[in-house]
Amino acid sequence: MLASIVHPSPSLCTFIEKLNLSLSAPQMRHLTNSADALLMCETEKTLAALHRQFVQSVDPSNIADFYRISPWQANSVRRRLQSFLVNWAVAQATPSQPLVIRISVDDSIAEKDKATRHLEPVDWHFDHIESRKGRPRYKNGLSYVDCAVKIGSVSFTYDIQPYLRERTVRRLNRHRPKRQRVRFVSKTHLAQRILRSLAGLLPKDWSIYVHFDAWYTSASLIKFCRRQSWHVVSAIKSNRKLNGKRMDQHALTFRHKWSSKVTVTTADGTMRTDLVHTVRGRLEEVPGEVCDIFSRRHNRDKRPAYFISTDLGLSANAAL
């Protein structure tokens with residue numbers, strides 16, 4: 123692989139300077155070089171691979187020390203970056219665009235080799251995407267919760283927080299002094315922590331919609347969003363109760379009734395027509411009325427998808 127970076131990108135340098143980070147000159151240089159190499163590297167992004175992107179560069183151990191022992195705080199850098207991105211994206215909105223902000227919270231696994239053992243947060247995690255009924259799948263890697271924001275036509279990743287299993291937390295704390303022990307935080311609480319930090323940066327006169335998958339649609343998280351005057355449009359599990367009745371039991375009553383057709387755009391950009399029914403009611407442990415959407419791929423679909431929307435004025439088509 124040939125080295126591709128002679129000098130740091132001027133645009134990247136300008137962007138980092140606008141963040142007004144309280145870093146020393148060597149720290150700024152390491153940060154700029156790391157970001158530039160991450161953008162240019164097309165192979166596996168190890169420190170050695172990032173180092174090979176430069177015609178002339180310091181030893182890779184210097185970059186490693188920048189992350190391990192250099193006296194700077196990642197949270198302060200992250201907070202400056204988050205504030206800059208939100209303010210910049212709001213400024214890009216044109217008067218002709220609707221004042222709508224969409225927030226999406228999800229999780230994923232940064233997969234590592236099966237033999238990886240010496241990275242503290244790495245552990246085996248259940249993979250709900252590749253698992254099938256009676257055939258669970260597990261991956262060795264780092265699990266994390268991420269939050270993406272779309273303001274007008276601008277989309278960006280707002281935050282990424284690592285998730286540690288309770289077993290991982292116990293393993294780490296065995297070798298840590300009492301004051302340096304970590305606490306277990308569930309994924310829903312990580313999501314709430316991210317949303318709380320985002321709440322203070324968002325403009326007050328915009329309509330804000332938060333999207334989850336069914337794993338995050340807990341009563342506490344919905345109530346948190348509603349306290350911020352945000353709307354929730356999310357998937358929901360079949361065992362949740364609407365008006366005291368399970369969602370899958372509601373779905374059974376629609377099997378032989380006329381369905382509305384809704385055309386939605388899938389993740390790969392193709393168009394798909396779903397059959398939907400809507401019901402308004404009270405979700406268990408959630409104050410206020412919500413609109414529940416029952417969606418099927420076809421008339422014989424035995425596993426419909428369930429969604430809720432706290433915005434009662436939103437049509438099923440727009441919600442999906």
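If you read the sequence shown in our numbering, its first letter stands for residue 123, the second for the next number, and so on.
Every residue gets a Cβ at the ideal spot worked out from N, C-alpha and C, and that includes glycine.
Since the model is a prediction, treat every value here as computed from it, not as a measurement.
- Only buried fits aspartate 414, as 16 or more other CB atoms lie within 10 angstroms of its CB.
- According to the DSSP assignment, proline 148 belongs to the alpha helix (DSSP H) that extends over 147 to 162.
- With the rule of 3 Cβ pairs closer than 8 Å, the segment 310 to 318 does not count as touching the segment 233 to 245.
- For proline 426, the closest C-alpha among the options Leu286, Arg377, Tyr280 and Asn439 is that of Arg377.
- Straight through space, the alpha carbons of serine 275 and isoleucine 223 are spaced by roughly 10 Å.
- With fewer than 16 other CB atoms across the displayed protein chains lying within 10 angstroms of its CB, serine 198 is exposed.
- Here the C-alpha atom of lysine 272 lies approximately 14 Å from the C-alpha atom of leucine 317.
- For threonine 395, the beta-bridge partners assigned by DSSP are Thr385.
- Beyond the five residues adjoining it in sequence on each side, alanine 341 comes within less than 6 Å, by CB distance, of Glu407 and Val408 in the same chain, given in chain order.
- By the Cβ test, the segment 215 to 230 is not in contact with the segment 164 to 180, since fewer than three Cβ pairs between them sit closer than 8 Å.
- For proline 182, the uninterrupted alpha helix (DSSP H) run begins and ends at 182 to 190, by DSSP.
- Rounded to whole angstroms, the separation of the alpha carbons of serine 205 and valine 384 is 37 Å.
- Inclusion of isoleucine 344 and phenylalanine 429 in the CB contact set at 8 Å is not warranted, their separation being larger than that value.
- If you draw a straight line from the Cα of methionine 393 to the Cα of threonine 154, it comes to about 41 Å.
- By a beta-carbon distance limit of 8 Å, tyrosine 266 does not contact isoleucine 251. Their separation comes to about 15 Å.
- Contact between aspartate 249 and arginine 257 fails: their C-beta atoms lie close to 11 Å from each other, not under 8 Å.
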